[in-house]
Amino acid sequence: MKRKAKAMGATQSNYSTSGPNMSSDTKLSTGSSDEELFPVPLDILEEIFLNLPPDQVVHSCRLVCHEWKEVADRQSLWRERCRREGYHLPDTSKTPKDWRLFYFLCKKRRNLIKNPRGERKCHKNSFIQHLVLLKPLFPATNLTLQYNLSHNPHLFIFIDKMKYWQILQNGGDMWKIEGLMVPHPDETVQKNFVTSYGVCKKAQLIDLEKEGYNATFMDNIQPDIRISDWYAPRWDCGSEYNICVELLNKNKKPIQIFAPKTIYFEQWNDQQWNQMTHVFQNYGPGVRYIHFSHGGKDTQYWAGWYGIRVTNSCIEICPAADT
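Numbering follows my numbering, with no gaps: position 4 of the sequence shown is 532.
(1) Comparing C-alpha positions only, which one of R648, K635, C846, C589 sits nearest to E613?
(2) I'd like the span of the beta strand (DSSP E) that includes C728, first residue to last.
(3) Helix, strand or coil: which one does DSSP assign to I843?
(4) Compute the Euclidean distance between the alpha carbons of N643 and L573, then round it to the nearest angstrom.
(5) What residues match up with L776 in a beta bridge as DSSP calls it?
(6) Going by Cα to Cα distance, which pick from P711, L733, G700 is closest to T839?
(7) Since L633 and C846 are thought to touch, with beta carbons under 8 Å apart, how far apart are those beta carbons, to the nearest angstrom?
(8) Would you mind sorting Q803 into buried or exposed? The rule is 16 or more other CB atoms within 10 Å of its CB.
(9) Whole angstroms is fine: what's the gap from K625's alpha carbon to L591's?
(10) How big is the Cα-Cα spacing for E774 and V815?
(11) Please classify L580 as buried or exposed, where buried requires at least 16 neighbouring CB atoms within 10 angstroms.
(12) I'd like to know if the segment 730–747 and the segment 791–806 are in contact, where contact means that at least 3 CB-CB pairs between them fall below 8 Å.
(13) State the CB to CB distance for the pair C765 and G824, rounded to an integer number of angstroms; the pair is presumed to be in contact (CB under 8 Å).
(14) Using the Cα positions of S621 and K691, report the straight-line distance between them to the nearest angstrom.
(15) To the nearest whole angstrom, what separates the beta carbons of N720 and R837, a pair I think is in contact under 8 Å?
(16) Go ahead and label R609 buried or exposed: buried means 16 or more other beta carbons lie within 10 angstroms of its beta carbon, across all protein chains shown.
(17) Quick check: what's the CA-CA separation for P757 versus T805?
(18) Once DSSP output is grouped into helix, strand and coil, what is the label at L640?
(19) In angstroms, rounded to a whole number, what distance separates the CA positions of V599 and R637?
(20) What first and last residue would you give for the beta strand (DSSP E) that runs through S756?
(21) Can you find a heavy atom of the ligand NAD that lies under 7 Å from the Cβ of N643?
(22) Check whether the Cβ atoms of E768 and N639 lie closer than 8 Å to each other.
(23) Under DSSP, the alpha helix (DSSP H) around N748 begins and ends at which residues?
(24) Alpha carbons only, please: which of S588, T723, W627 is nearest the one belonging to R602?
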């Protein structure tokens, strides 16, 4: 008498795993064990995989045996995961070549720009950490900077709300954060950064390795990199807007650059929000950082904050079908 099953996923080598009426989806999961074990139909195994963490399916389950690898690599598995988790195709006529890649790009997708709207809540006990941001404002020692912060709460609030941004230029009356003059298409956006009569420019450097996109992935897959930025003028003053986004190698040398011409707005405009977008594709191996900078000024040299407004900046690593 044959011994009863002790484990799942393998059978005797002479156990028939398919018959004339058995489809490929109901083929049994087998292994090379010398004793007969409980066979699992592969469509049942696929359902089990759908209820496991995706990283576990890729890094553990597919290493068990040939049949498990076959199920873990099925396009139907990852297509169904996308459906269940709400990762839909924006254009159903464009089907991904690799549903597993599409799934993980969707799952990891997020805005890599930190503090894109100037809506950070102020935490007063952290101001010393942000002293470096004051260096473009005051050519002074840290003690002087601490004194200015502790005696000027408005300055402290400004510095804290500019966290994660490197101030490259702070002309005129410097950067300021204000509420919107006109509603943004995204109703959740309530704040914007405002420039003055001298050039104001700020930047962020994105380290792709730290954000979870390692060198092998970036070199072999070269996923689409989508850039988005929103800008608007005041209606009563002319202004200009600039943006520059660079894909950098490990030595922080540019591989590709997106730097459109300066955009000018005349006085008495409609002060509506405009969106700048760009998608980097097929940029080649070597990309390790993304440098994002933008800014501008007013063109009439009015004291105060009459220059271009920017907000809701965004950098995303996304599926090709979604760009």
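Heads up, the beta-carbon is just placed ideally off N, CA and C, and yes, glycines get one too.
So, from the data block:
(1) For E613, the nearest C-alpha among the options comes from K635.
(2) Counting along the chain, the beta strand (DSSP E) containing C728 begins and ends at 728–735.
(3) Strand at I843.
(4) Taking the CA atoms as reference points, N643 sits about 43 Å from L573.
(5) Paired residues: P782, Y817.
(6) The option with the nearest alpha carbon to T839 is P711.
(7) Indeed, because the Cβ distance is near 6 Å, the residues count as touching under 8 Å.
(8) Q803 comes out exposed.
(9) Rounded to whole angstroms, the gap between the alpha carbons of K625 and L591 is 23 Å.
(10) Cα to Cα, the separation comes out at about 10 Å.
(11) L580 should be labelled exposed.
(12) No, the segment 730–747 does not touch the segment 791–806.
(13) With a Cβ gap of about 12 Å, C765 and G824 do not count as contacting.
(14) Inter-residue distance for S621 and K691 is about 42 Å (C-alpha atoms, whole angstroms).
(15) With 8 Å as the limit, N720 and R837 qualify as a contact, their Cβ atoms being about 4 Å apart.
(16) With 16 or more neighbouring CB atoms inside 10 Å of its own CB, R609 falls in the buried class.
(17) Position check: residue 757 holds Asp in this sequence, whereas Pro was assumed. Distance between the alpha carbons of D757 and T805: 7 Å.
(18) If DSSP states are grouped into helix, strand and coil, L640 belongs with coil.
(19) Taken atom to atom, the span from the alpha-carbon of V599 to that of R637 is near 25 Å.
(20) Run containing S756: 752–760, per the beta strand (DSSP E) assignment.
(21) For the structure depicted, the ligand NAD is absent and the ligand set is empty, with no information on it obtainable.
(22) At a Cβ-Cβ threshold of 8 Å, E768 and N639 do not count as neighbours.
(23) Counting along the chain, the unbroken alpha helix (DSSP H) around N748 starts and ends at 743–749.
(24) Residue nearest to R602 within the set S588, T723, W627 is W627 (criterion: CA-CA distance).
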